[in-house]
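Residue numbers (the working numbering): 2 to 144.
For each residue, glycine too, the CB sits at the ideal point set by N, CA and C.
Quick caveat: nothing in here was measured; it's all calculated off a predicted structure.
Remarks on the structure that follows.
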Ligand SMILES: [Zn+2]
């Protein structure tokens, strides 16, 4: 099979990048690697992985993934990755993801996501969207 560049923007082969976490049993070493793999999972509609890497305290029961494949993910840019100075089991990742729905204009999703590590695994907790809480978006998505 020909090498496929990983959607997360690392420039590496998918098989050597996010596939190790999404399809394999490897655990992301840090919150940035987890965030990248979650972005890639969105591009693949990999709901099981997205839910498995979501902290149980904030995890939805299912995700409003795009079954009709109308959403096209255009790219990910990680702006900032910081481990909490007071607690190495907490981290934030700020990123911009670009996507298009159908024939509409490309949109930007700018989020500061929070992550925690438990038993050696990093989990997504929640995030702020352009200053607004992402819970709002989640509520909207759930309709
Ligand atoms: Zn990747």
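- Cα-Cα, which of 81, 4, 16, 124 is closest to residue 35? Among 81, 4, 16, 124, the Cα nearest to that of residue 35 is on 124.
- In chain order, what residues place their C-beta within less than 6 Å of a heavy atom belonging to ligand 1? Going along the chain, the residues that qualify are 7, 9, 11, 18, 19, 37, 41.
- Start-to-end residues for the alpha helix (DSSP H) that takes in residue 87: It is not in any alpha helix (DSSP H) - residue 87 carries neither H nor E in the DSSP assignment.
- In the DSSP assignment, what are the bridge partners of residue 1? For residue 1 there is no data in the structure shown, the boundaries of the chain being 2 and 144.
- Taking 7 Å as the cut-off, decide whether the C-beta atoms of residue 20 and residue 94 are in contact. No, Cβ-Cβ distance for residue 20 and residue 94 is not below 7 Å.
- Tell me whether residue 106 sits in a helix, a strand or coil according to DSSP, three-state version. Reduced to three states, the DSSP call for residue 106 is coil.
- Work out the CA separation of residue 87 and residue 71 for me, nearest whole Å. Roughly 42 Å between the two C-alpha positions.
- Query: In chain order, what residues of the same chain lie with their CB nearer than 7 Å to the CB of residue 80, ignoring the 5 residues before and after it?
  - Reply: Counting only Cβ-Cβ distances below 7 Å, and skipping sequence neighbours, we find 95, 96, 97.
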